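Each residue of the sequence shown is one higher than the one before, counting from 961 in this note's numbering.
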Amino acid sequence: VQLVESGGGLVQAGGSLRLSCAASGISLSIRTVNWYRQAPGKQRELVAAITSGGSTNYADSVKGRFTISRGNAKNTVYLQMNSLKPEDTAVYYCNSRMLATDYWGQGTQVTVSS
């Protein structure tokens, strides 16, 4: 099982990025997929989640700015991030669970400059 995040980078405040989580060895379409982030010196926090049925949930800090979605044909989940703020700076990880085991990607760095 492998989860690979991509799409991070450096962006100015107010800008946008789209993160991707591509999976192999696990079908994301039938599982809940989560995006977490971890800023330096802080605990990892849940940012967004999408269930197998398509229901979504967001942290209060990103509601209205971030959108989690599934790719139409690929085993991929996206996180569209708009109106980025410096406080969104963190390493972003995707996560899913299979057979009671949590799987994580290696993370992608998002840096938002003021």
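Don't be surprised by glycine CBs; every beta carbon is placed ideally from N, CA and C.
Note that the coordinates shown come from a computational prediction; the quantities given were computed from them, not determined experimentally.
| task | Tell me, please, which residues DSSP counts as bridged to Leu1059. | result | Paired residues: none, contrary to the question.
| task | Check each candidate in Ala1019, Gly1001 and Pro1000 and name the one with the smallest Cα separation from Ala1009. | result | It is Ala1019.
| message | Tell me which residues share the same chain as Ser1073 and place their Cβ nearer than 6 angstroms to its Cβ, disregarding the 5 neighbours each side in the sequence. | response | Excluding the 5 residues flanking it on each side, Ser1073 has same chain C-beta neighbours closer than 6 angstroms at Gln972, in chain order.
| Using the beta-carbon count (16 or more within 10 Å), is Arg947 buried or exposed? | Since the first residue of the chain shown is 961 and the last is 1074, residue 947 is not available in this structure.
| field | Those residues which DSSP pairs with Arg1030 across a bridge | value | For Arg1030, which the question treats as bridged, DSSP gives the partners Val1037.
| query | Can you tell me whether DSSP reads Ser1043 as helix, strand or coil? | reply | In this structure, Ser1043 counts as coil in the three-state DSSP scheme.
| task | Express the C-alpha separation of Ala982 and Ser1015 in angstroms, rounding to a whole number. | result | Going from the Cα of Ser1015 to the Cα of Ala982 covers about 19 angstroms.
| request: Confirm, please, whether the CB-CB distance from Leu1044 to Leu977 is below 8 angstroms. | output: Contact flag set, yes.
| Alpha carbon to alpha carbon, how far is Asn994 from Cys1054? | The C-alpha of Cys1054 is placed about 6 angstroms away from the C-alpha of Asn994.
| field | Neighbourhood of Arg1025 by C-beta, 6 angstroms cutoff - its chain only, sequence neighbours within 5 removed | value | For Arg1025, where only same-chain residues beyond five positions count, the Cβ hits under 6 angstroms are Asn1042 and Ser1043.
| message | Among the candidates Lys1023, Ile990 and Ser1012, whose CA atom is the shortest distance from the CA of Leu1006? | response | Out of Lys1023, Ile990 and Ser1012, Lys1023 has the C-alpha closest to the C-alpha of Leu1006.
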